[in-house]
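Engineer: Take a look at this one; I'll ask things after.
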Amino acid sequence: MRKVGATHRSKVISLLNERLAFERAALQIYGGVLEKLRSFGGPYQSVQARLRLIREEERAHEEWLEEQLRALGGGPDGESDGLLRVKAESRRVEGAMMVEHDPAALFRLLLGLEVSDVGGWELLLELADRAQDDEAREAFRQRLEEEQEHFRFVSHLAAVSTGSRILDETVITLEDASA
Numbered sequence: 001m002r003k004v005g006a007t008h009r010s011k012v013i014s015l016l017n018e019r020l021a022f023e024r025a026a027l028q029i030y031g032g033v034l035e036k037l038r039s040f041g042g043p044y045q046s047v048q049a050r051l052r053l054i055r056e057e058e059r060a061h062e063e064w065l066e067e068q069l070r071a072l073g074g075g076p077d078g079e080s081d082g083l084l085r086v087k088a089e090s091r092r093v094e095g096a097m098m099v100e101h102d103p104a105a106l107f108r109l110l111l112g113l114e115v116s117d118v119g120g121w122e123l124l125l126e127l128a129d130r131a132q133d134d135e136a137r138e139a140f141r142q143r144l145e146e147e148q149e150h151f152r153f154v155s156h157l158a159a160v161s162t163g164s165r166i167l168d169e170t171v172i173t174l175e176d177a178s179a
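See below:
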């Protein structure tokens, strides 16, 4: 991280702060979704177990980002445009999550969250590549791969739950038509 920090210090600190704000918001959102899914039984129990693991990885990302910021001598960098965007998007998703109770819709919210999360780590990886910082590149790549796995899982949840609902509605429509 030393090389990328020396080459692009203020940019790296700013981006790490954005990631930190995002990871903190993700913890809240995953916690809220888990709370809402608690009332559902059946297959949602195994889904909840996996979502708890994802939340713990998000917590590990949060702690790692805090360590990196301390090591770079950075702290909160005020309200950069990027940080303001992250906070606004997080508030929007949290607000939508608070009023939503349909599991398929909750999974779609998580999917949007993971798309943004992957993009943020890709940006940090690109910065490490430009600075030719192998240590930072590997650290960012590891977290990016974890986020890509989160994306794949949540994407699958969103597709299956949305598809199941559509199929159920189709069956009901067919039953109504044949009555």
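Counting in this note's numbering, the sequence shown runs from 1 upward without gaps.
We put the CB at the ideal spot given by N, CA and C, even for glycine.
Keep in mind the model is a prediction, meaning the values are calculated, not measured.
1) Counting C-beta neighbours from all protein chains within 10 Å, is the total for L53 16 or more, i.e. buried, or is it exposed?
2) Can you list, in chain order, the residues of its chain with a C-beta nearer than 8 Å to that of L69? Leave out the 5 residues immediately preceding and following it.
3) Answer yes if the segment 119-136 comes into contact with the segment 26-44, meaning at least three C-beta pairs across the two stretches below 8 Å, and no otherwise.
4) Under a three-way DSSP split, which group does H61 fall into?
5) Would DSSP call R133 helix, strand or coil?
6) Could you round the C-beta distance between A71 and T162 to whole angstroms and report it? I think they count as a contact, below 8 Å.
7) Pick out whichever of A26, D133, Y30 has its Cα sitting closest to the Cα of G120.
8) On the criterion of 16 or more Cβ atoms from any shown chain inside 10 Å, does R2 qualify as buried, or is it exposed?
9) Sorted by chain position, which residues of the same chain lie with C-beta nearer than 7 Å to E89's C-beta, five sequence neighbours on each side aside?
10) Please report the residue range of the alpha helix (DSSP H) in which F22 lies.
11) Just to confirm before moving on: does the CB-CB distance between L110 and L65 stay below 9 Å?
12) Is the distance from the Cβ of A128 to the Cβ of F140 below 9 Å?
13) Got a sec? Which residues, its chain only, sit under 7 Å from E62 by beta carbon, not counting five neighbours each side?
14) Counting only runs that start and end within the segment 64-134, where is the alpha helix (DSSP H) found for 4 or more residues in a row?
15) Which class does F151 belong to by DSSP, given the choice of helix, strand or coil?
16) Between the Cα of Y30 and those of A6, M97, H101, spot the shortest distance and give me the residue it belongs to.
17) By alpha-carbon positions, which one of H150, S155, V154, R9 ends up nearest to E58?
18) With DSSP collapsed to three states, give me the class of F140.
Structural biologist: Let me lay it out:
1) exposed
2) I13, L16, N17, L20, G75
3) no
4) helix
5) Sequence inspection shows Asp at residue 133; the Arg mentioned does not correspond to that position. In the structure shown, D133 sits in coil (DSSP, three-state: anything other than H, G, I, E or B).
6) In fact, because the Cβ distance is near 42 Å, the residues do not count as touching under 8 Å.
7) A26
8) exposed
9) S116
10) 9-37
11) no
12) yes
13) L20, E23, R24, L27
14) 81-99, 103-131
15) helix
16) M97
17) H150
18) helix
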